[in-house]
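>
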Amino acid sequence: MTRTDRRSFVLRVAATASALGLAHTRARADVDESDPVAVALGYRQDTRKVDPAKYPGHDLAQHCGNCKQFQGKASDRSGGCTLFGGKAVATAGWCSAWNKKA
Ligand code: SF4
C-alpha cells in the first residue's frame, strides 16, 4: 500500500465513521424539555430534577428505564417512548405518565 493509498483509506474510514455517527445522532434525537408535549407531561431528562411540589406522587425510583412506555433497554442512555413518536427520551428521565413496567 502506497502512502497515498493509505491516506485515502484512512480518510474514507473517517468519513464513513462520521456518517454513521451522524445517522446514530439523528436516530437518537432526545426529547427537549421545552417540547410542548414534554411540558404538558412534566418530562425531565433527569428524574432527580422533578419538582416534588408539583408532582407529589413522583418517586426517585421511577424513571423512563422502568416505565411501560419505554422502548429502549435499561442499559441504553436513551430510547423511544410511545408517547413521543420517533424521538428518544433519557433512560434516567421521567414524566407524569410514568407507569411501572411489568
Ligand atoms: Fe419516560 Fe414513561 Fe414518561 Fe415515556 S411515558 S417519558 S418512558 S416516564
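In this text, residue positions in the sequence shown follow my numbering: the first is 5, and each later residue adds one.
Every residue, glycine too, gets a C-beta built ideally from N, C-alpha and C.
(1) Measuring from the CB of V43, is there a heavy atom of ligand 1 at a distance below 7 Å?
(2) Between G61 and ligand 1, is there a pair consisting of the residue's CB and a ligand heavy atom that are separated by less than 7 Å?
(3) Nearest CA to the CA of L87: which residue from A42, T95 and S38?
(4) DSSP on V124, reduced to helix/strand/coil?
(5) Count the other CB atoms, across all protein chains shown, that sit within 10 Å of the CB of G69; report buried if there are 16 or more and exposed otherwise.
(6) In whole angstroms, give me the CA-to-CA distance for G89 and R52.
(7) Evaluate contact between the region 70-78 and the region 44-59, counting only Cβ atoms and requiring at least three cross-stretch pairs below 8 Å.
(8) Taking the alpha-carbon positions, what's the P56 to V93 distance?
Taking the definition as stated:
(1) No - ligand 1 has no heavy atom lying nearer than 7 Å to the Cβ of V43.
(2) Incorrect: G61 has no Cβ contact closer than 7 Å to ligand 1.
(3) Here the closest residue by C-alpha is A42.
(4) Outside the displayed span of the chain (5 to 106) sits residue 124, for which this structure offers no information.
(5) Label assigned to G69: buried.
(6) Rounded to the nearest angstrom, the two C-alpha atoms are 24 Å apart.
(7) Contact between the region 70-78 and the region 44-59 is absent, because fewer than three Cβ pairs lie under 8 Å.
(8) The straight-line gap from Cα to Cα measures roughly 20 Å.
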